[in-house]
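I have placed the structure first, in the form of structure tokens, so that the comments after it can refer back to it.
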């Protein structure tokens with residue numbers, strides 16, 4: 001096998017997060033349902049953005065956040081995702097490169113603008129998201145650079161990109177290139193509603209193409225249509241080589257092969273400020289661990305520490321260099 | 330194999346619990362360390378009992394509580410444990426028979442008085458225990474009725490009885506009778522300090538005689554001298570047929586054979602009043618489940634429900650008929 005150029009190559013939505021702290025009243029006034037992520041069109045994006053007012057803009061997107069985490073942990077990460085050649089697109093590219101992630105997907109010269117996610121954080125640290133996917137949905141198989149995928153130990157796919165048909169094709173192409181080069185493929189289920197929309201396709205992808213599956217409790221329960229976490233755990237057993245299942249403050253459970261199961265605690269957090277990015281950074285920690293020779297339990301503990309860092313402040317990308325936090329774990 | 334007469338026969342300390350709600354100041358005044366269980370002699374028992382004043386007396390003892398739980402769930406339970414022929418001994422026997430547990434161990438006619446456990450419950454629902462073991466420690470191999478052990482699908486041993494050498498002999502005798510009759514043997518580690526005192530003996534017993542092991546997080550970590558729950562989980566893997574490991578509000582993890590692992594949530598509790606007996610009732614639920622044809626995950630869920638009932642009120646025995654709570658789980 002050729003030498004790896006990257007530990008992980010993430011493929012996902014290229015989104016700029018627009019974050020604002022607001023009260024529950026703001027949610028009610030704008031008819032937003034707390035804790036959900038809903039997709040909006042360009043007009044609605046403009047309307048909510050106008051109502052939001054004062055806010056902070058940070059490059060985001062689930063797999064992109066994870067790649068930022070891998071880089072912060074000291075790993076080599078690449079990202080593939082589509083922006084438009086507009087101001088937000090420039091900002092996205094600048095931010096992700098600044099943190100050390102390789103990013104060279106060509107910006108679209110026409111069509112929808114760069115994607116943005118309007119995130120309202122209420123005082124209970126819950127996030128309510130309104131996402132305009134714009135250009136990020138226009139990723140197509142031509143954007144998958146075979147040299148990046150072949151050069152990455154793990155190619156990491158973001159479930160949110162399952163909605164646009166061409167992006168789904170891009171996933172299959174990337175999986176085939178990765179496996180053809182003897183590499184591994186990871187998938188995050190991203191969102192329980194996303195799982196509801198694509199349950200059969202996700203099941204096929206998991207059994208046919210995925211070596212490492214990431215899901216939170218509600219996503220894995222949705223995938224297998226069961227009503228308890230333990231039932232989901234039994235259902236996923238044997239479906240892929242590794243499954244890493246997150247449970248918020250209950251920590252995570254990692255399965256490997258026929259009989260290896262690890263129950264990993266959440267890392268302590270002084271104050272939960274904003275849970276945006278917790279799952280993304282957990283995945284970053286596990287992916288970093290798996291590509292840097294750590295055993296599965298330690299990979300899980302690194303995931304817990306990375307997730308704890310990101311929920312201790314606003315925004316879905318680490319503010320501390322994560323490599324400094326994982327020395328003794 | 331002969332027909333079973335009992336689902337479970339428990340062997341443990343026959344103790345009367347003396348419960349009182351007091352503030353943290355009471356603990357400080359009497360030099361008691363919150364959350365611990367310490368052993369005291371007859372004189373100290375009289376002194377603390379005097380300081381305690383107003384209190385409630387309820388028959389207790391760890392394995393005896395579990396047998397009360399099995400009976401409350403609708404199972405057939407027997408108990409073997411030693412009292413003195415005094416008032417507390419009469420009360421113990423009357424209480425345990427009232428709830429439907431078969432109990433016929435002969436009371437000692439001389440020697441130490443019936444055991445009592447002085448339990449101070451602070452406003453945070455923590456319990457601090459001072460135990461005078463008295464007559465309960467004088468259990469000897471002659472008290473093990475072979476007909477009861479042979480007639481029980483599972484013989485359940487309480488780790489606390491590992492301190493007196495004759496009681497330990499009684500355990501080995503009971504295990505050999507049980508296995509000779511094709512029955513199963515279960516053990517609860519009871520207490521992390523108890524594990525510290527008898528680590529090597531417990532490890533030998535677990536590997537040589539025990540089919541079903543119960544332990545909480547600190548006990549199993551002490552048994553294998555590791556610093557995380559997951560490390561303990563890996564260490565116990567393969568050491569006995571079934572391990573049921575409790576984690577307070579984090580629920581429990583049950584292992585079976587080479588690769589079956591269940592992660593079971595704690596059952597919801599409106600208000601935690603007194604955690605005394607949580608582990609005992611969890612064990613009752615699992616033992617009832619295993620001897621009544623339920624799968625391991627459901628046995629664990631029954632354990633969670635039984636534990637949730639007992640921590641919702643003062644005292645270590647159920648106040649509700651547990652069989653009425655488990656219909657749909």
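Residue numbers (the working numbering), protein chains in the order written: chain Z, 1 to 329; chain S, 330 to 658. Just so it is clear, CB atoms sit at the ideal spot from N, CA and C, and this is done for glycine as well.
Element boundaries [beta strand (DSSP E), containing residue i]
i, result
"residue 264/Z", "260–264"
"residue 458/S", "456–461"
"residue 362/S", "Element bounds for residue 362/S: n/a, residue is neither H nor E."
"residue 367/S", "366–368"
"residue 52/Z", "Taken as a continuous stretch (DSSP letters only), residue 52/Z belongs to no beta strand (DSSP E), being part of the alpha helix (DSSP H) at 42–52."
"residue 329/Z", "Run containing residue 329/Z: none; DSSP gives neither H nor E here."
"residue 514/S", "513–517"
Residue-chain proximity (residue i, chain S), Cβ-Cβ < 9 Å
i, result
"residue 138/Z", "no"
"residue 262/Z", "yes"
"residue 259/Z", "yes"
"residue 300/Z", "yes"
"residue 233/Z", "yes"
"residue 244/Z", "no"
"residue 215/Z", "no"
"residue 253/Z", "yes"
Beta-carbon proximity of residue i to residue j, cut-off 9 Å
i, j, result
"residue 413/S", "residue 442/S", "yes"
"residue 344/S", "residue 444/S", "yes"
"residue 233/Z", "residue 591/S", "yes"
"residue 516/S", "residue 501/S", "no"
"residue 126/Z", "residue 82/Z", "no"
"residue 401/S", "residue 428/S", "yes"
"residue 274/Z", "residue 315/Z", "yes"
"residue 212/Z", "residue 235/Z", "no"
Start-to-end residues for the alpha helix (DSSP H) that takes in residue i
i, result
"residue 240/Z", "Residue 240/Z -> no alpha helix (DSSP H), and no H or E assigned at all."
"residue 199/Z", "199–208"
"residue 578/S", "Neither: residue 578/S is in no alpha helix (DSSP H) and is coded neither H nor E."
"residue 301/Z", "296–311"
"residue 417/S", "416–427"
Contact set for residue i: own chain, Cβ-Cβ below 7 Å, skip 5 residues either direction
i, result
"residue 399/S", "336, 337, 406, 613, 616 and 617"
"residue 489/S", "341, 342, 391, 519, 520 and 523"
"residue 328/Z", "none"
"residue 26/Z", "120"
"residue 475/S", "506"
Any C-beta of chain Z under 9 Å from that of residue i
i, result
"residue 579/S", "yes"
"residue 397/S", "no"
"residue 570/S", "no"
"residue 557/S", "yes"
"residue 594/S", "yes"
"residue 601/S", "no"
"residue 607/S", "no"
"residue 645/S", "no"
"residue 626/S", "yes"
Which of helix, strand or coil DSSP assigns to residue i
i, result
"residue 611/S", "helix"
"residue 336/S", "strand"
"residue 19/Z", "strand"
"residue 484/S", "strand"
"residue 256/Z", "strand"
"residue 221/Z", "helix"
"residue 13/Z", "coil"
"residue 449/S", "strand"
"residue 57/Z", "strand"
"residue 439/S", "coil"
"residue 399/S", "helix"
"residue 620/S", "helix"
"residue 115/Z", "strand"
"residue 148/Z", "helix"
"residue 139/Z", "coil"
"residue 330/Z", "No statement about residue 330/Z is possible, as the shown extent of chain Z runs from 1 to 329 and does not include it."
"residue 181/Z", "coil"
Proximity test, residue i beta-carbon vs the ligand FAD heavy atom, cut-off 8 Å
i, result
"residue 344/S", "Although the ligand FAD was asked about, the structure shown includes no ligands whatsoever."
Same chain, Cβ closer than 6 Å to residue i, five either side skipped, listed in chain order
i, result
"residue 253/Z", "245 and 263"
"residue 649/S", "638"
"residue 374/S", "461"
"residue 265/Z", "251"
Residues of its chain near residue i, where Cβ-Cβ distance is below 8 Å and the 5 sequence neighbours each way are ignored
i, result
"residue 607/S", "575, 577, 636, 639 and 640"
Closer than 9 Å to chain C by CB, residue i
i, result
"residue 109/Z", "Checking the listed chains, one finds no chain C in this structure; the protein chains it contains are Z and S."
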